[in-house]
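Going down the list, the protein sequences come from chains A and B.
Mapping to the numbering used here: the first sequence position 68 is 68, numbers consecutive.
For the numbering used here, add 93 to where a residue sits in the second sequence, where the first one is 1.
Here's the structure, in structure tokens; my notes come after.
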Amino acid sequence: MAWQLKNHDFDHQVGRHYAVLHDPATGAEHHIVIHTGHDSCPTCGHVKPKTNTGELDFKAILKEELANLEQSRMQSAAYVQRHNIPVAKASKP
Amino acid sequence: MSAEIRSMIESAVGGNREDMRNLLLQFMNEHVQAHQVTGTNWVSPTSGTLPSSTTPPPAATAAAQGANGVISLQITNPTQAAKATIYHEVSYSPVKNFSQGVTTLPVSANNTVSIPAPGQAPFVRIRSSYDGSTWNTHQLIQQTAVQAGLQSSAACEPGTVLNNWNYANVVGQGAPGQVPLIQVYGPNGPYHGYTAGRGTTQVSRPSATILNTDYSENQIVAFDGKRFQISPVLPGVLKDSWEPVGLAQVNGTPGGGGIKGGNGARLTAI
């Protein structure tokens, strides 16, 4: 079974979009955190709005992350199959 | 028994009143001397008979002192009960009327009690019993809360549960004009989780991709047990329940972390 989106939500208090991806076969998880809103300079305290939020495309980010995770999983699976290695009981990585 | 005493007893039994008198006076002197040593008084006993278990003892008094996160009680038994064992039940609560948060210590005949309560200021009360079932009324040890004080770090073994560690790589990536990105992953590479620990307890943590952070600053990543958090300053990730994961320089110097160094950054222990 492939990696998939488990859940995601937005926390307005901190201005972040949190997403959890998981692989149901192994229980492994990968998190995505996307910052939006404002930045503040820790040196001078100057606050400025992020100017690139319009460029952030969650669907595209999700698609890319899932592809990377799936690629890693497929590579491992191919290695296991090629060498006929016993697979450990499902566990988080 | 000496021969002189034995002879005196035989003489007294035979009717010699003077020997009987001397014998009794000698016994009395011995008793007085013994009672002076033991602190008791057989002529005027303070507790001639054992008290009934159905009657609770008079109130005991106690003094409380808080220091180094521990409240120490010194209990003084009532004098009327010198011959009986008195059991004490100590309880404490954050409110004076003991309507909530009451913690009751095990019943004990000990006269010293320690309550570990670092940083707390509870009200403490005591009640006593001869049999553990018939109690006198609760007595507040003092009318104000007892400050336990904070526990000194000297009370902790060096580097036990305070020892946070992990095998995470926290790597900043990006380039001017691109979305800043931090990858968190374990020894098996990106998109694989890592192992973290506190003291001797190990846990598995997920990998993560953190996007659109501040571009030009150091970022410290922490895991709050559910989500990854990030802060430009260390105190921002030192909340009690958070696990500091590592430091990433999103815009690092050559040879160091971040986009220019290409090596990312790794902090395995804070």
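Virtual Cβ for every residue (Gly too), placed ideally from N, Cα, C.
Tell me the DSSP bridge mates of residue i?
i: Pro-337(B); result: Ala-315(B)
i: Arg-16(A); result: Asp-11(A), His-35(A)
i: Asp-307(B); result: Note: Asp-307(B) sits in no beta bridge, so no partner.
i: Glu-182(B); result: Arg-220(B)
i: Ile-66(B); result: Here chain B covers residues 94 to 363 and nothing more, so residue 66(B) does not appear.
i: Ser-297(B); result: Thr-288(B)
i: Asp-23(A); result: Ala-28(A)
i: Trp-258(B); result: Gly-290(B)
i: Ala-157(B); result: Leu-166(B)
i: Trp-228(B); result: Ser-222(B)
i: Ile-208(B); result: Ile-164(B)
i: Ile-422(B); result: Past the edges of chain B, shown from 94 to 363, lies residue 422(B), and the structure says nothing about it.
i: Phe-321(B); result: Phe-316(B)
i: Thr-197(B); result: Ser-184(B)
i: Leu-5(A); result: Leu-21(A)
i: Leu-233(B); result: Arg-218(B)
i: Gly-282(B); result: Gly-279(B)
Assuming residue i and residue j make a contact with CB atoms under 8 Å, what is their CB distance in whole Å?
i: Leu-243(B); j: Gly-162(B); result: 6 Å
i: Leu-21(A); j: Ile-32(A); result: 7 Å
i: Ser-221(B); j: Pro-150(B); result: 5 Å
i: Val-296(B); j: Ile-313(B); result: Actually they are not in contact, since the Cβ atoms of Val-296(B) and Ile-313(B) sit about 20 Å apart, beyond 8 Å.
i: His-30(A); j: Ala-301(B); result: 7 Å
i: Asn-262(B); j: Arg-291(B); result: The Cβ separation is near 19 Å, so there is no contact.
i: Thr-36(A); j: Asn-305(B); result: 7 Å
i: Asp-307(B); j: Asp-11(A); result: Actually they are not in contact, since the Cβ atoms of Asp-307(B) and Asp-11(A) sit about 17 Å apart, beyond 8 Å.
i: Ile-168(B); j: Val-206(B); result: 7 Å
i: Asn-84(A); j: Val-272(B); result: Incorrect: roughly 42 Å between the Cβ atoms, too far for contact.
Report yes if the CB atom of residue i is closer than 8 Å to the CB atom of residue j, and no otherwise.
i: Val-277(B); j: Val-338(B); result: yes
i: Ala-153(B); j: Ile-219(B); result: yes
i: Ala-210(B); j: Ala-241(B); result: yes
i: Leu-233(B); j: Phe-216(B); result: yes
i: Val-183(B); j: Leu-166(B); result: yes
i: Asn-122(B); j: Met-101(B); result: no
i: Asn-170(B); j: Ile-179(B); result: yes
i: Tyr-45(B); j: Asn-259(B); result: Residue 45(B) falls outside the range modelled here, since chain B spans only 94 to 363, and no answer is possible.
i: Ser-227(B); j: Thr-147(B); result: A small correction: the amino acid at residue 227(B) is Thr; Ser does not occupy that position in the sequence shown. Yes, the pair counts as a contact, with Cβ atoms nearer than the cut-off.
i: Ala-157(B); j: Gln-266(B); result: no
i: Tyr-60(B); j: Ala-177(B); result: A query on residue 60(B) cannot be resolved here, the shown segment of chain B reaching from 94 to 363 and no further.
i: Val-239(B); j: Ala-214(B); result: yes
i: Leu-62(A); j: Ala-28(A); result: no
i: Ile-303(B); j: Leu-340(B); result: no
i: Ile-311(B); j: Pro-299(B); result: A small correction: the amino acid at residue 311(B) is Asn; Ile does not occupy that position in the sequence shown. Going by C-beta atoms, Asn-311(B) is not nearer than 8 Å to Pro-299(B).
i: Glu-336(B); j: Phe-316(B); result: yes
Can we say the segment 2-9 of chain A touches the segment 61-79 of chain A, given the rule of at least three CB pairs closer than 8 Å?
-> yes
Hey, which unbroken runs of the alpha helix (DSSP H) at 4 residues or more fall wholly within the segment 42-92 of chain A?
-> 58-83
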